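*Asks:* Chains as they are written, first to last, in this note's numbering: chain A, 1 to 228; chain B, 229 to 399.
Every residue, glycine too, gets a C-beta built ideally from N, C-alpha and C.
All values derive from a computational prediction rather than experimental measurement.
Got a structure for you, questions after.
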Amino acid sequence: MKPWSVALIVELLAVLAQPTPEDVYKCFAELGVSDLQTLQTAFAKGFADKRITPEVALRLCQRLKQTAAPISLREGILQIIGRALLEELPVTMLVDKAFEGLTKGVPLDLLNDDLLERKTTLGEVKALLASKGVRITTTIRFGAVTLMLTLEIVDLVITEAAWALEDYVRGGGKLDDISAIKFAVQSRLERNPAIPRTLISYIDQQVSALEWAQIAQNITKRLKKGGG
Amino acid sequence: MHDHELENLLRESLTRYAQAHRDRIADLEYEIIEELPEGRPNPRPRLGVIAAGVVAAAAVFAVGLWIGLHLSAAPCSDPDVLCLVYPDAQSVSLAAQFTLWEPIPMNGPDRSGIWWIRLPKDIKPGRYEYGFIVNGTRWVYDPRATEFVHTFDNKINSVLYVVPREEREQP
């Protein structure tokens, strides 16, 4: 047997071993969710947009199945992620925090509140960046460079900026130091090698410290309200 | 004739006889065994002997592996390795974003009480939060990390930046 045919067979087996969306929906049904249809629609969109893979969704569902908590709270986590997918928000941070919370044994009511708060931040960051022209399938010009923005790049920027703001506020950063807030966001973007330098410079020029600070203040308000 | 002269004479004649009939003597052992009834001993190595050899080899390998993991120094100067000094721990695991926060057991402890784990080869460049779990329950941050963030219950996650492989391999 030739080496290329062995590689082809191995690759084929790997593809066949990958979970399918149907596996995920079956897991949702076994979990006993009350609104399977909405979840199915949301996650189907997420799979199509490549914002989440069936493998990760299945692992999250399986982890929720193993968790001893009322089904409404377990379903709540999936519903928050599902709503984010329907609203075309990146879900990397939400999925990651869900896994982290489950591993650390965070009570699921607190985890639901946490994810809901972070989802709101993602929405605010997306709206701010969109108002500056950072949107999917648009092109931006910075100096002599023209950059086509893909879903992957825009999602990454939204995620990193929202995450940086969350970390800043949760870490006790000063809200009146708007330069520090902007620096927290910009340095987070700069340290991610997958984000084009041109886009980082463009955001630095377009988004003011005050605009980032406004979102940080909103996070603070939500966390105080929720007791976080 | 003295005794020793007689002995030498006998030895020489026996040697000459043996050399003359060497062809007949060769394989005599096998011929005798063939003549024996059922249940005769098998001159080839038996399965039990092979199994014992395999077990012994596996034991030597396991001891070598144990010595390698416990007595050799943890490769903490390698940027692809995460280390934690915790001599009293019974077990230490790594939980990180790139493991979907599933605990992965770490190697060790070495002779200095250091636990260590190598990052996955296929890890993508980027920013990752992580923590160590000592004895299955206690979350510990990495004192060697260059960045920390607050997480649930105001606890702390360590942060790791994975740079592209080309940059890592530059001198």
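For chain A, check one thing: does any of its Cβ atoms lie closer than 7 Å to the Cβ of phenylalanine 326/B?
*Replies:* It does not; no Cβ of chain A falls within 7 Å.
*Asks:* Where tyrosine 25/A and lysine 132/A are concerned, what is the direct C-alpha to C-alpha distance, given to the nearest angstrom?
*Replies:* One C-alpha to the other measures close to 37 Å.
*Asks:* In chain order, what residues of the same chain lie with their CB nearer than 7 Å to the CB of arginine 222/A, ignoring the 5 residues before and after it?
*Replies:* Only Glu117, Thr120 meet the Cβ criterion.
*Asks:* Pull up the distance between the alpha-carbon of proline 21/A and that of tyrosine 356/B, whole angstroms please.
*Replies:* Approximately 27 Å, taken between the alpha carbons.
*Asks:* Any contact of the segment 335-354 of chain B with the segment 301-320 of chain B, i.e. 3+ C-beta pairs under 8 Å?
*Replies:* Segments in contact, yes.
*Asks:* Find out if the Cβ-Cβ distance for the pair proline 90/A, isoleucine 158/A is shorter than 7 Å.
*Replies:* Yes, these two residues count as a Cβ contact at 7 Å.
*Asks:* Going by the DSSP bridge assignment, what does proline 333/B pair with across the sheet?
*Replies:* In the DSSP output, where bridge partners are listed per residue, proline 333/B has Ser321/B.
*Asks:* Which first and last residues belong to the beta strand (DSSP E) in which arginine 355/B is found?
*Replies:* First-last of the beta strand (DSSP E) with arginine 355/B: 354-362.
*Asks:* Note down, in chain order, all residues in the segment 180-192 of chain A with a beta-carbon under 8 Å from any beta-carbon belonging to chain B.
*Replies:* For the segment 180-192 of chain A, which is checked against every Cβ of chain B, the residues closer than 8 Å are Arg188, Arg191, Asn192.
*Asks:* Please check if any C-beta of chain A sits within less than 7 Å of the C-beta of proline 353/B.
*Replies:* Closer than 7 Å to some Cβ of chain A, the Cβ of proline 353/B qualifies, so yes.
*Asks:* Would you check if the distance between the CB atom of proline 19/A and the CB atom of leucine 64/A is smaller than 7 Å?
*Replies:* Contact flag unset, no.
*Asks:* For a minimum of 4 consecutive residues, which ranges assigned as the alpha helix (DSSP H) are wholly contained in the segment 49-98 of chain A?
*Replies:* The segment 49-98 of chain A contains these whole alpha helix (DSSP H) runs: 54-66, 71-86.
*Asks:* Name the chain A residues whose beta carbon is nearer than 7 Å to that of valine 391/B?
*Replies:* Those within 7 Å of valine 391/B in chain A are Pro193.
*Asks:* Anything in chain A within Cβ reach of valine 377/B, meaning under 8 Å, just list it in chain order.
*Replies:* The answer, in chain order, is Asp167, Arg170, Gly171.
*Asks:* Going by the beta-carbon positions, is the gap between tyrosine 369/B and tryptophan 343/B smaller than 7 Å?
*Replies:* It is not a contact, given that the beta carbons lie outside the stated cut-off.
*Asks:* Checking 7 Å against the spacing of the C-beta atoms, do proline 371/B and proline 193/A come in under that value?
*Replies:* Their beta carbons are not under 7 Å apart, which means proline 371/B does not touch proline 193/A by this criterion.
*Asks:* Using the beta-carbon of each residue, which ones in chain A are nearer than 8 Å to alanine 373/B?
*Replies:* Correct list: empty, because the minimum Cβ distance to chain A is about 14 Å.
*Asks:* Of the residues that make up the segment 122-154 of chain A, which ones have a beta carbon closer than 9 Å to any beta carbon in chain B?
*Replies:* Listed in sequence order: no entries.
*Asks:* Tell me whether aspartate 306/B is buried or exposed, calling it buried when 16 or more other Cβ atoms sit within 10 Å of its Cβ.
*Replies:* Counting Cβ neighbours within 10 Å, aspartate 306/B comes out exposed, since fewer than 16 surround it.
*Asks:* Check for me: the alpha helix (DSSP H) holding threonine 146/A runs from which residue to which?
*Replies:* That residue, threonine 146/A, is in no alpha helix (DSSP H); its beta strand (DSSP E) goes 145-148.
*Asks:* Taking Cβ positions only, does lysine 119/A come closer than 7 Å to chain B?
*Replies:* No, its Cβ sits nowhere closer than 7 Å to a Cβ of chain B.
*Asks:* Quick one: what's got a C-beta closer than 6 Å to leucine 110/A's C-beta in the same chain, skipping five residues either side?
*Replies:* Correct list: empty, nothing qualifies.
*Asks:* Flag this pair as yes or no: are the beta carbons of leucine 85/A and alanine 42/A separated by less than 7 Å?
*Replies:* It is a contact, given that the beta carbons lie within the stated cut-off.
*Asks:* So does the segment 166-181 of chain A actually touch the segment 198-218 of chain A, counting three or more Cβ pairs closer than 8 Å?
*Replies:* The segment 166-181 of chain A vs the segment 198-218 of chain A: in contact.
*Asks:* Thinking C-beta only, is leucine 115/A closer than 7 Å to leucine 102/A?
*Replies:* The answer is no: Cβ separation not under 7 Å.
*Asks:* Along the alpha helix (DSSP H) that carries isoleucine 158/A, what are the first and last residues, could you check?
*Replies:* Per DSSP, isoleucine 158/A belongs to the alpha helix (DSSP H) from 151-170.
*Asks:* Let me confirm a value: leucine 328/B is counted as buried when at least 16 other C-beta atoms fall within 10 Å, else exposed. Which label applies?
*Replies:* Its Cβ being crowded by 16 or more others within 10 Å, leucine 328/B is buried.
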